[in-house]
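With the UniProt record's numbering, the residue at position 20 of the sequence shown is 20, and numbering never jumps.
By construction, the Cβ of each residue, glycine as well, lies at the ideal position given by its N, Cα and C atoms.
Computed from a predicted model, the values in this text were never measured in an experiment.
Input: a single structure, listed below in structure tokens.
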Amino acid sequence: MKIQMRQRPFHYLTNNSTVSSFALKYPLVALTKPTKNDNTPMDNVERLRSKFYIRSELIRCAIAEFFCTALLTFGGCSSSAQYVLSNQANNAWIGVNLGWGFALIFAVYGGFNISGSHLNPAVSFFLFTMGRLSARRVAVYSVAQTLGGFLGALFTFLTYYDALNNFDGGVRYVSGPLATAGIFATYPKDYLSVVGGITDQVIGTAFLCICVCLITDKNNKIPSHLQPLLIGLVVALIGMCIGMNSGYAINPARDLGPRLFTLCGGWGWEVFRYAYSSHVSALSISAIAITSGFGYHYWAL
């Protein structure tokens, strides 16, 4: 569209019967075909988005799971880092729990309309058993979630690298007064038995799954835009209730991804010294997620 100013002459008769005239300027609007030079910044952005748009819906969902799990892990691990590295001066235990809860809220919002923001292989596997997710999608999601957990832990490590060195002198410990591995993954207290650790994970996961079913149940008519907020508050509540024993992993990707990072980041194979810290916990979490979900739906029906 172009705007040009035109002049139009007007003639009139004066009092002494002579003819006089004047020119009146007025705008002329002309619609023209846009050229390459007329592109706006938004046109360029849309053209770029169209060029790099990912056609595969599965890949888009996997990317959403990857980045949203990374956001969850970064927010939660960073709140734990402030708690540990400041000797509880810059954060408190309730702050750690709220940090994980708020991180989950925004992570779920991030991919809610793309993949549903599972962020947890146990949740994806439960949906598979309910016939709402294919086996292929479960496998892709689980890998993306675990890699996202790895990336989130890496960002926390980079953010607090100097603080870590100041705290432990550059020597990474899994246990003891200078232990920092617990910033990233969950480890049981010394007094906790294998059975006690599994029980802790079972109860925490069952509580989470039942609450998620309550929140997402259409019969309860909770608006979808409020569901991520409530789920995040549930996670914070679980941390306040049972976080003391082993850190309430309740999510294999959130635990295994950062644990793999600590393996590569200087903590060594000792991060896997507890058998149920990763393998048994992951299996029990998945099993209880399925059992709790089926139990809720059976009870609700």
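Asked	Found
Per-residue burial, Cys211 [other beta carbons within 10 Å of its own, 16 or more giving buried]	buried
Cβ contact (3+ pairs, closer than 8 Å) linking the segment 111 to 123 and the segment 94 to 102	no
Environment of residue 318 [buried if 16+ CB atoms lie within 10 Å]	This structure cannot speak to residue 318, because the chain is shown only from 1 to 301.
Identity of the residues DSSP links to residue 326 by a beta bridge	Not covered by the structure: residue 326. The range shown for the chain is 1 to 301.
Every unbroken alpha helix (DSSP H) inside the segment 111 to 157 [4 residues or more]	121 to 129
Classification of Asn165 by the beta-carbon crowding that lies within 10 angstroms, buried from 16 upward	exposed
Ser78 versus Gly243: straight-line alpha-carbon distance, rounded	17 Å
Whole-number beta carbon distance between Gly148 and Thr73, since they are thought to touch under 8 Å	7 Å
Contact check, Phe150 vs Phe261, beta carbons under 8 Å	yes
Assigned exposure category for Gly169 - 16 Cβ within 10 Å defines buried	exposed
Thr146 beta carbon less than 8 Å from that of Ala249	no
Where Ser134 falls, given that 16 or more other Cβ within 10 Å makes a residue buried	exposed
Within 8 Å, strictly: CB atoms of Val84 and Ile238	no
Proximal residues to residue 302 (C-beta, below 7 Å), its chain only, five neighbours per side dropped	Examination of residue 302 is not possible in this model, given that the chain is present from 1 through 301 alone.
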